[in-house]
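Read through the structure below, which is laid out as C-alpha cells, and then see the notes.
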Amino acid sequence: MRGALRHLWTRHRPALVGLVVALAVVAFFVARFVAFSLYWADPDHRRQPPQAWMTPRYISLAWDIPPGEVMRALGVADRPDRRPTLAEIARRREVPVEVVLDEVRRLIDAQAPE
Numbered sequence: 204m205r206g207a208l209r210h211l212w213t214r215h216r217p218a219l220v221g222l223v224v225a226l227a228v229v230a231f232f233v234a235r236f237v238a239f240s241l242y243w244a245d246p247d248h249r250r251q252p253p254q255a256w257m258t259p260r261y262i263s264l265a266w267d268i269p270p271g272e273v274m275r276a277l278g279v280a281d282r283p284d285r286r287p288t289l290a291e292i293a294r295r296r297e298v299p300v301e302v303v304l305d306e307v308r309r310l311i312d313a314q315a316p317e
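If you use my numbering, the sequence shown corresponds to residues 204 to 317, in order.
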C-alpha cells in the first residue's frame, strides 16, 4: 500500500491531490446530509409553534408548507439575500413581532389537512 501511495505521489501528484480534495468535499456533504436528516427525523422539530427566532424556511420545513407560500404570506422576496428571522421581518416591516407570528399561524391553519 505504501509503495502504491508513493508511486501516485511521485508520478501523479495533481491527480492524487484532486482525489483527496474530492473525497473531502463528498465527506462534507454526506455529513451535512446525515445531520440534516437526523435533525428533521426527530419529532420534536416537527410542527413547532412559530417563534420569533425562526426563519421562513424553518417554518416551511417544520410544517411541510412550500417555502414560496411562506415567503409570500410574510411579504418577503422569494429569494432573500439572507435568511431573515420572523423578528427581523417584523422589524423591517415596522410591526410588532406578534403580527408576523399571527400571519404565520393563519397560514399554518389554512394549510392544515382537514
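Every residue gets a Cβ at the ideal spot worked out from N, C-alpha and C, and that includes glycine.
C-alpha distance - residue i paired with residue j, whole-angstrom precision
i	j	result
Thr-213	Tyr-242	44 Å
Ala-207	Trp-266	52 Å
Pro-270	Val-224	33 Å
Leu-211	Leu-219	7 Å
Arg-309	Pro-253	11 Å
Gln-251	Arg-285	22 Å
Arg-231	Glu-306	According to the sequence as given, residue 231 is Phe; it is not Arg. Roughly 37 Å separates the two Cα atoms.
Leu-226	Arg-249	33 Å
Secondary structure of residue i, DSSP reduced to three states
i	result
Gln-254	coil
Glu-272	helix
Thr-288	coil
Proximity below 8 Å, CB of residue i to CB of residue j
i	j	result
Ile-292	Val-273	no
Exposure of residue i, with buried meaning 16 or more beta-carbon neighbours within 10 Å
i	result
Pro-259	buried
Leu-289	buried
Ala-276	buried
Met-204	exposed
Val-303	buried
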